[in-house]
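Undergrad: The listed protein sequences derive, respectively, from chains A and B. Note that our numbering gives residue 5 to position 5 of the first sequence, counting from 1, and the numbers run on in steps of one. Note that our numbering gives residue 679 to position 307 of the second sequence, counting from 1, and the numbers run on in steps of one. Note that CB positions come from ideal geometry on N, CA and C, so glycine has one too. None of these values were measured; they are calculated from a predicted model. Sending over a structure as C-alpha cells; questions will come in a sec.
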Amino acid sequence: MVGSGVTKVDRHYDKNYLTLIDEAVSKALADSGLDASDVEYLVVSTAFSETILDQADPSTYIAQNLGLKNVKTLTISSGEVSGAVALDYAYSLVKAGRAHRILVVGFEKMSEYPSWVINKVYAKILEYEVEGIKNVTPPDYAALIMSEYMRKYRVSREDIVRWSVKMHENAVRTPHAQLQFTISVDSLGRALRISEPVTMLDSHPVSDGAAALLVADESATKKTNREPVEVVDVESSVNLPIYLRDDITYFSATASAYKKLSSKNEIKLSKTTALNVYDTYDIYGLLTIEALEICGRGEALKCLSEMPYLNVGGGLKARGHPVGATPIYQIHELRELMSGASWVRYDGDISLAHSMSGPDNNAWLILLRRWV
Amino acid sequence: MKYSGFKSGIIGWGAYIPVYRIKAKDIARLWGFDERITDSLWIEEKAVAGVDEDTVTMGWYAARSALVRAGVDPRDVGAVFVGTESKPYAVKPSSTIIADALGISTRKLSTDLEFACRAGSEGVRIAVSLVESGTVRYGLAIGSDTAQANPGDVLELTASSGAAAYLVGPADESVAVFEALVTYVTDTPDFWRREGSRYPAHGEGFTGEPAYFHHIVTAVTMLMSESGLKPSDFDYAVFHQPNGKFPLQVGRMLGFPKEKVLPGIVTPWIGNTYNASALLGLAKILENSKPGQRILVAPFGSGAGADAVSVLVTDKVLDRVGRAPTVEELLSRKKYISYAEYAKFRSLIHRNLG
Numbered sequence: 001m002v003g004s005g006v007t008k009v010d011r012h013y014d015k016n017y018l019t020l021i022d023e024a025v026s027k028a029l030a031d032s033g034l035d036a037s038d039v040e041y042l043v044v045s046t047a048f049s050e051t052i053l054d055q056a057d058p059s060t061y062i063a064q065n066l067g068l069k070n071v072k073t074l075t076i077s078s079g080e081v082s083g084a085v086a087l088d089y090a091y092s093l094v095k096a097g098r099a100h101r102i103l104v105v106g107f108e109k110m111s112e113y114p115s116w117v118i119n120k121v122y123a124k125i126l127e128y129e130v131e132g133i134k135n136v137t138p139p140d141y142a143a144l145i146m147s148e149y150m151r152k153y154r155v156s157r158e159d160i161v162r163w164s165v166k167m168h169e170n171a172v173r174t175p176h177a178q179l180q181f182t183i184s185v186d187s188l189g190r191a192l193r194i195s196e197p198v199t200m201l202d203s204h205p206v207s208d209g210a211a212a213l214l215v216a217d218e219s220a221t222k223k224t225n226r227e228p229v230e231v232v233d234v235e236s237s238v239n240l241p242i243y244l245r246d247d248i249t250y251f252s253a254t255a256s257a258y259k260k261l262s263s264k265n266e267i268k269l270s271k272t273t274a275l276n277v278y279d280t281y282d283i284y285g286l287l288t289i290e291a292l293e294i295c296g297r298g299e300a301l302k303c304l305s306e307m308p309y310l311n312v313g314g315g316l317k318a319r320g321h322p323v324g325a326t327p328i329y330q331i332h333e334l335r336e337l338m339s340g341a342s343w344v345r346y347d348g349d350i351s352l353a354h355s356m357s358g359p360d361n362n363a364w365l366i367l368l369r370r371w372v
Numbered sequence: 373m374k375y376s377g378f379k380s381g382i383i384g385w386g387a388y389i390p391v392y393r394i395k396a397k398d399i400a401r402l403w404g405f406d407e408r409i410t411d412s413l414w415i416e417e418k419a420v421a422g423v424d425e426d427t428v429t430m431g432w433y434a435a436r437s438a439l440v441r442a443g444v445d446p447r448d449v450g451a452v453f454v455g456t457e458s459k460p461y462a463v464k465p466s467s468t469i470i471a472d473a474l475g476i477s478t479r480k481l482s483t484d485l486e487f488a489c490r491a492g493s494e495g496v497r498i499a500v501s502l503v504e505s506g507t508v509r510y511g512l513a514i515g516s517d518t519a520q521a522n523p524g525d526v527l528e529l530t531a532s533s534g535a536a537a538y539l540v541g542p543a544d545e546s547v548a549v550f551e552a553l554v555t556y557v558t559d560t561p562d563f564w565r566r567e568g569s570r571y572p573a574h575g576e577g578f579t580g581e582p583a584y585f586h587h588i589v590t591a592v593t594m595l596m597s598e599s600g601l602k603p604s605d606f607d608y609a610v611f612h613q614p615n616g617k618f619p620l621q622v623g624r625m626l627g628f629p630k631e632k633v634l635p636g637i638v639t640p641w642i643g644n645t646y647n648a649s650a651l652l653g654l655a656k657i658l659e660n661s662k663p664g665q666r667i668l669v670a671p672f673g674s675g676a677g678a679d680a681v682s683v684l685v686t687d688k689v690l691d692r693v694g695r696a697p698t699v700e701e702l703l704s705r706k707k708y709i710s711y712a713e714y715a716k717f718r719s720l721i722h723r724n725l726g
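If you want it as C-alpha cells, here you go:
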C-alpha cells in the first residue's frame, strides 16, 4: 500500500460523492508519488449507492470524474464490509499479477435523507426476510447483546460506555474524525435511548465520507513519498444467524477468521498491537477484542486502559461510519500510525483491521506489516 | 439621549398566546419518543390555539394591542402585512380581514407574506422602508401562526400557535428606534410544505448547521461589520427559537453571554410560534427594558434567511408597557389540555360532519 487519503467524516451537505472522492484521491495520489495515469484498475466500494444515490455501478462515473480512461473499473457492494472486500480484491489482483497499480475508493453519502429513510436503508445489512419484515433493526440486536453481556459478566451500563469515552478521546486528536468532542460516563443519564439499553452514546453516527488507497506491487514502492505498508493477508468467516447462536456474546466469525489468520501467518495479537476494529456499537468493540483473544471472555473492559493503539482514529463511534468507506478509513489510520503520521508513535511491526456486517454476521480481518 | 439621527422605530407592539398548553412530555410519551428528548431540545410545553382561533384572530389581538400601546388612530396606518405559513385561506389575504376588523384605513398597502418563520420580520423590514421613504406614516407588521406538524414527527413537540405585532412609524414617536438592519437569504431547502400536503417536511440535522446556524451567524456578522457594533454593545440578543436550545447555542457561537439571551427566550413554555417566535421574544424584552438599552433581534426562516436588526430603546417605552397585556401575563395565563383535546383543537381527528 503506497498511498492513502481521506476526507473529513461529516455530514457533507454541500458536497456530492464525486467531490468527496476527488479530494480523497488527490490526497492519496500525492501521498503515493503516483499520477492518475499510473492507475490501471479502479475498485470502488459502497454499500448503499443504489438506494441512497439512485446510482448503480458508480465506478464508471467516478473514473470519468477523475479523468481515468485506460482503466478497468468495478463497484463492490458487500454491506458493511464492502471496503474490506474491495481491498481483498485489489490485493488478489496484485498478487496474481493481473494489475500493478490499483486505486481503491470507498465512499458513502448517508446524510442525503432524513433518518427514517436512512435507518431503513441501513437496516438492509440484516436479512430482509427475517429481521426486515419483523422490524428488528441493527441497534435492537446491540441492545439484546449488551443486556446479555451485562447480565452474564455482571457489568454495569456505565462500564460499557467507557469504550465510547475512549473513542471520543481518540477522535479529538484525529483531524478527519466526525465527533471531535469528549463525552463522559456521566453523560449517559441524559443520552437519548435508541433501543433500551443502547443510547446515542453507544452508537456510531450517520456519516458521509470518502477514502482512497493505492495498492501496488513492489515496482511502485520506490516512488512513494512515505514508507509503504505491506498487506500481508486477508481472512474472513461467516457466523450463524444470531437467533441460532448458542452464545450471542461471542463473535465466532471474528474468532475463527483470527484463528486462520494467526496460524497461517504465525502472529499473535497483544494489547499493544495496533488494532482498528468495528465498534458499530460500543458493546461490539468489546466483544471483538475478546474474540481476537486479546482479552479473556468478559474481561474486555479490564484491558481497555492497557490498549494504547486501539482505534486511534476514534472508531466507528467517533470517527464515524461512512459505511462503504469505513474499512478504507481504518487502513488509512493504520498506515498513518505505522508511518509515524498519527498523533501517537507506534513501533510495532504489524497491525490489524477488523470489519464485520451487523453483529458479527461475517467478519473480515486485514493484516498489515511494516515494509521491510 | 437623542435619537434624532434615526428615521423610524417601533411605536407600539402587541402579543398573543393562546391559553391552552400541552406538555411536551405528553406528546413524546404518546408517540414513543424517549421523554428525555424534551430536555435535549429544551421544550417544556407548547401553546395550542383553541377551536375558534386561527392566524387571523390571534394576529388581530396582537395588532390591536400594538395600536393601543402606540395610541395611534388606526385610520393613520397606511400598510398592513401579515407574515404567516398557516393562512386560514389559501387564496384570500388574512391582512385585509385583520385591517378591516381594526378599522385601519382602506387607503393602504396590504398583503400576506410567506417565508416560513421570518415573513413577519420581513414585514417589519418593508414597513421600515415605507416609513423611511415617506410612503406611509405608520406600517403594521404582524407575525401569526397556528403551526402544523405531522403527528408523531419530532416537530410536533414544538410547533405551536401565537402572534406578535409591531407598529412601525417615525423615530421621534418610537419606543425603540431602528439603528441597523440587514438580511441574508439563500436557497436552502431545510424545511418545506408542498402544495396539497397537510404537514411540512424537514431535513432534520440539515435544518441546523447549514440553515439556522449558518444564516443567523452570517446575518449578525454582516450587521456587526456594517455597523461597527460588537456583542458587548448589546444588552440583549433575541434569536428565532425553534426550541430552547438553538438560541442559546447560536448566542454562544456569536459571543453573547447566556444572560443576554435567556430573557428573550419564550419557546420552552409556549413552543415555536413560527412567525411570532423571535418577535414575541423581542416584545418580552421591550416590556422589561430601560431607555438607552440596545437589543439585537435575529429572526430566521427556513428556505432560508435571517435578519439582524439593532434597536435602541427610548424613554417612551416606560408608559406604553402597561397599556396592553404583556408577554409575561400571557405566558402565565394557561390551561393544560390532554393530547386528545389538542388533537380535537388542531383538527387532527377526521370525522364526517352533517
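What residue range does the beta strand (DSSP E) around E230/A cover?
TA: Segment V229 to V238, the beta strand (DSSP E) holding E230/A.
Undergrad: Determine the burial state of W403/B: buried for a count of at least 16 other Cβ atoms within 10 Å of its Cβ, exposed for fewer.
TA: Looking at its Cβ environment, which holds fewer than 16 other Cβ atoms inside 10 Å, W403/B is exposed.
Undergrad: If we count Cβ pairs, one from each stretch, closer than 8 Å, do we get three or more for the segment 270 to 284 of chain A versus the segment 342 to 353 of chain A?
TA: Counting Cβ pairs under 8 Å, three or more are found: they touch.
Undergrad: Nearest to A143/A by alpha carbon, out of S77/A, I194/A and D57/A?
TA: Of S77/A, I194/A and D57/A, the residue nearest in Cα terms is I194/A.
Undergrad: What is the residue span of the alpha helix (DSSP H) that K259/A lies within?
TA: Run containing K259/A: S252 to N265, per the alpha helix (DSSP H) assignment.
Undergrad: When DSSP labels each residue in this structure, what does I289/A get in the three-state scheme?
TA: Three-state DSSP puts I289/A in a helix.
Undergrad: Which chain A residues are close to R570/B, counting only those with a beta carbon under 8 Å from its beta carbon?
TA: Simply none; closest approach about 17 Å.
Undergrad: Determine, using beta carbons only, whether Y13/A comes closer than 8 Å to chain B.
TA: Yes, contact with chain B.
Undergrad: Between P390/B and chain A, is any beta-carbon pair separated by less than 8 Å?
TA: Not an interface residue.
Undergrad: Mapping DSSP to helix, strand and coil, what is C303/A?
TA: C303/A: helix per DSSP, three-state reduction.
Undergrad: Can you tell me which of S236/A, K271/A and S219/A puts its alpha carbon nearest to the alpha carbon of D360/A?
TA: Checked all of S236/A, K271/A and S219/A; the closest Cα to D360/A is S236/A.
Undergrad: Taking 8 Å as the threshold, find out whether the segment 487 to 504 of chain B comes into contact with the segment 623 to 633 of chain B through three or more Cβ pairs.
TA: Too few Cβ pairs lie closer than 8 Å, so no.
Undergrad: Any idea if I721/B is buried or exposed, counting beta-carbon neighbours within 10 angstroms, 16 or more meaning buried?
TA: Exposed, because fewer than 16 other Cβ atoms sit within 10 Å of the Cβ of I721/B.
Undergrad: Give me whichever residues DSSP pairs with S45/A in a beta bridge.
TA: According to DSSP, which records beta bridges pairwise, S45/A is partnered with I76/A and G106/A.
Undergrad: Could you tell me whether any Cβ in chain A is nearer than 8 Å to the Cβ of P582/B?
TA: By this cut-off, P582/B is an interface position.
Undergrad: So who's on the other strand from S4/A, going by DSSP bridges?
TA: Note: S4/A sits in a beta bridge opposite L213/A.
Undergrad: Chain B partners of L192/A, CB-CB under 9 Å?
TA: Ordered by position in chain B, the residues that pass the 9 Å Cβ test against L192/A are F405, D406, R408, I409 and S412.
Undergrad: If I measure Cβ to Cβ from S252/A and keep anything under 6 Å in the same chain, skipping five residues before and after, which residues do I get?
TA: These residues qualify, in order along the chain: N239.
Undergrad: Is it right to say W432/B is buried, meaning 16 or more other beta carbons lie within 10 angstroms of its own, or is it exposed?
TA: With 16 or more Cβ atoms within 10 Å of its Cβ, W432/B is classed as buried.
Undergrad: Answer with yes or no whether the minimum CB distance from P114/A to chain B is below 8 Å.
TA: So yes, P114/A belongs to the interface.
Undergrad: Where does R270/A land, buried or exposed, given buried means 16+ other C-beta within 10 angstroms?
TA: The amino acid occupying residue 270/A in the given sequence is Ser; Arg does not appear at that position. With fewer than 16 other Cβ atoms within 10 Å, it is exposed.
Undergrad: Could you give the DSSP three-state label for M373/B: helix, strand or coil?
TA: Only weak support is given to the placement of M373/B: the predicted model assigns it a pLDDT of 45, under 50, and the question is left unresolved by the model.
Undergrad: Any C-beta of chain B sitting closer than 8 Å to the C-beta of S207/A?
TA: So no, S207/A is outside the interface.
Undergrad: Using only the alpha-carbon positions, how far apart do N265/A and R297/A sit?
TA: Looking at the two C-alpha atoms, the distance is approximately 24 Å.
Undergrad: So which residues of chain A does E576/B contact, with C-beta pairs closer than 8 Å?
TA: Under the 8 Å cutoff, chain A gives P114 and S115.
Undergrad: Just the Cα atoms here: how many angstroms apart are Y714/B and A462/B?
TA: The straight-line gap from Cα to Cα measures roughly 23 Å.
Undergrad: If you draw a straight line from the alpha carbon of R173/A to that of R98/A, how long is it in whole angstroms?
TA: Whole-angstrom Cα-Cα distance: 39 Å.
Undergrad: Using the C-alpha atoms, what's the distance from G515/B back to S682/B?
TA: Approximately 19 Å, taken between the alpha carbons.
Undergrad: In whole angstroms, what is the alpha-carbon distance linking D691/B and T560/B?
TA: Their backbone Cα atoms lie some 42 Å apart in a straight line.
Undergrad: Going by C-alpha distance, which of Q613/B, K379/B and V452/B is nearest R436/B?
TA: Comparing Cα positions, the closest option is V452/B.
Undergrad: Is T427/B closer than 8 Å to T518/B when the C-beta atoms are compared?
TA: Yes, these two residues count as a Cβ contact at 8 Å.
Undergrad: Taking contact to mean at least 3 C-beta pairs separated by less than 8 Å, is the segment 302 to 317 of chain A in contact with the segment 94 to 114 of chain A?
TA: As far as the Cβ criterion goes, the segment 302 to 317 of chain A does not touch the segment 94 to 114 of chain A, which means the pair count is below three.
Undergrad: Name, in chain order, the residues that DSSP records as bridge partners for T555/B.
TA: In the DSSP output, where bridge partners are listed per residue, T555/B has D679/B.
Undergrad: Around the C-beta of R624/B, are 16 or more other C-beta atoms found within 10 angstroms, so that it is buried, or is it exposed?
TA: So R624/B ends up on the exposed side.
Undergrad: If I measure Cβ to Cβ from K374/B and keep anything under 8 Å in the same chain, skipping five residues before and after, which residues do I get?
TA: Low confidence applies to K374/B: its pLDDT is 49, below 50, so where it sits in the model is not reliable, and the reading given next is rough at best. Nothing listed; no residue qualifies.
Undergrad: Which residues in the same chain as Y711/B place their Cβ atom closer than 7 Å to its Cβ, once the five residues preceding and following it in sequence are excluded?
TA: I394, D398, I399 and L402.
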